[in-house]
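Before any comments, here is the structure.
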Amino acid sequence: MNEIRLGYLYGLGAYLLWGFFPLYFKLLRPAGPAEILAHRIVWSVAFVALLLAAARNIGFLRTLLRRPRALAGIVAAAAVIAVNWGTYIYGVNSDRVVETALGYFINPLVSVLLGVLVLRERLRPAQWAALGVGALAVAVLTVDYGRLPYLALTLAFSFAGYGLVKKRLGLPAAEGLFVESAVLALPALAYLGWLVWRGESTFGHVSAGHTVLLVLAGAATAIPLLLFAGAANRLPLSALGMLQYLAPILQLGCGVLIFHEPMPPARLAGFALVWLALIVFTADAVRHARRTRAEARTRTPVAAGAR
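First residue of the sequence shown? That's 1 in the working numbering, and the numbers climb one at a time after it.
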């Protein structure tokens with residue numbers, strides 16, 4: 001199997017797992033969102049530590065400890081991803097799966113916006129048009145909901161911010177997830193201990209299946225992230241960008257078709273505007289990538305002749 005095909009398999013695996021996350025997190029009730037988040041953090045540390053130990057790759061910690069700026073970046077990444085995870089779990093278990101799906105539809109547009117605001121990137125006209133349509137979509141959805149779709153916006157901005165920090169850190173997926181989860185592990189363990197002390201912990205008190213599902217939260221977190229890293233190392237960015245829409249499409253399907261959440265006409269119109277913005281954004285990205293490759297091919301023979 002060639003590397004490109006393997007990359008697509010990894011990418012499809014990652015986004016399929018992320019797309020069906022609502023089904024998994026619904027099974028973790030009656031545990032509350034904060035308890036689920038704490039278990040997700042603790043068992044992520046345990047699962048990834050086992051993977052790193054099996055690969056004999058724990059030594060990276062010594063190098064990392066000599067990089068205080070990288071450590072500060074990891075703390076920032078850990079805080080942002082904790083907000084993202086907690087918001088997502090809360091959204092799913094409060095029957096707002098459709099709004100969480102909206103967040104991940106909006107996420108690519110927010111990433112572009114952060115590129116402008118933080119990295120001072122210059123946008124092409126089509127990218128500005130996509131951002132404008134996205135802003136209009138948020139306005140339409142605000143009217144429909146009677147409030148800002150704050151869950152969706154929190155998910156979009158937190159995940160885009162996490163991607164920005166991770167891009168600057170440049171850590172491999174497993175090592176990055178281990179350190180980020182380890183930063184959060186102490187407060188997570190303290191919270192779980194507090195629940196036990198108050199007699200409010202569901203761990204071990206609902207059923208054996210429920211306990212196993214809470215433990216598996218670590219693997220459920222790590223496996224799609226590792227698959228995504230495998231895809232990112234093998235696929236062009238444009239191909240990866242197309243695959244990323246699979247997860248929110250599946251999440252939206254879960255919300256509407258399985259959990260029967262409402263989708264009134266005004267909300268559907270807001271989603272349609274988001275999809276229009278994504279079509280403009282994706283078409284421009286594909287066109288720009290093709291133009292860049294074509295220019296690179298035309299320059300190569302000239303450079304070869306000059307030598």
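Beta carbons: idealized from backbone N, C-alpha and C, even for Gly. Note that this is a predicted model, so its numbers are computed, not measured.
- Around the CB of residue 202, 16 or more other CB atoms lie within 10 Å, so the residue is classed as buried.
- For residue 199, the three-state secondary structure derived from DSSP is coil.
- Residue 55: not part of any alpha helix (DSSP H); DSSP gives it neither H nor E.
- Sixteen is the threshold: when 16 or more other Cβ atoms of the shown chains lie within 10 Å of the Cβ of residue 92, as they do, the residue is buried.
- Residue 104 carries a helical assignment under DSSP once its states are collapsed to helix, strand and coil.
- For the set 214, 293, 297, the Cα lying nearest the Cα of residue 89 is the one of 214.
- Spatial neighbours of residue 154 in its own chain (CB-CB distance under 6 Å, excluding positions within 5 residues in sequence) are listed in chain order as 87.
- When Cβ pairs closer than 8 Å are counted between the two stretches, the region 246-257 is seen to touch the region 14-30, the count reaching three or more.
- Setting aside the 5 residues that flank it on each side, residue 6 is surrounded in the same chain by 234, each with a C-beta closer than 7 Å to its C-beta; the list follows chain order.
- Secondary structure note for residue 79: its alpha helix (DSSP H) is the uninterrupted segment 68-93.
- If you draw a straight line from the Cα of residue 283 to the Cα of residue 262, it is about 30 Å long.
- Boundaries of the alpha helix (DSSP H) around residue 134: 125-145.
- Of the other Cβ atoms in all chains shown, fewer than 16 fall within 10 Å of the Cβ of residue 128; this residue is therefore exposed.
- Residue state for residue 32 is assigned as coil, using DSSP reduced to three classes.
- Judged by DSSP secondary structure, residue 121 falls outside any alpha helix (DSSP H); it is assigned neither H nor E.
- For residue 7, the uninterrupted alpha helix (DSSP H) segment begins and ends at 3-19.
- DSSP places residue 265 in the helix class (H, G or I) of the three-state scheme.
- DSSP, read as helix, strand or coil, puts residue 149 in coil.
- The three-state reading of DSSP puts residue 193 in helix, counting H, G and I together.
- Secondary structure note for residue 209: its alpha helix (DSSP H) is the uninterrupted segment 208-215.
- Check the Cα spacing between residue 188 and each of 204, 46, 11, 3: the tightest is with 46.
- With contacts defined by Cβ atoms closer than 8 Å, residue 30 and residue 196 do not form a contacting pair.
- In the DSSP assignment, residue 251 falls within the unbroken alpha helix (DSSP H) covering 246-253.
- C-alpha of residue 271 to C-alpha of residue 84: approximately 21 Å in a straight line.
- Contact between residue 131 and residue 164 does not hold, since their C-beta atoms are separated by about 16 Å, which reaches or exceeds 8 Å.
- Residue 114 and residue 156 have their C-alpha atoms roughly 11 Å apart.
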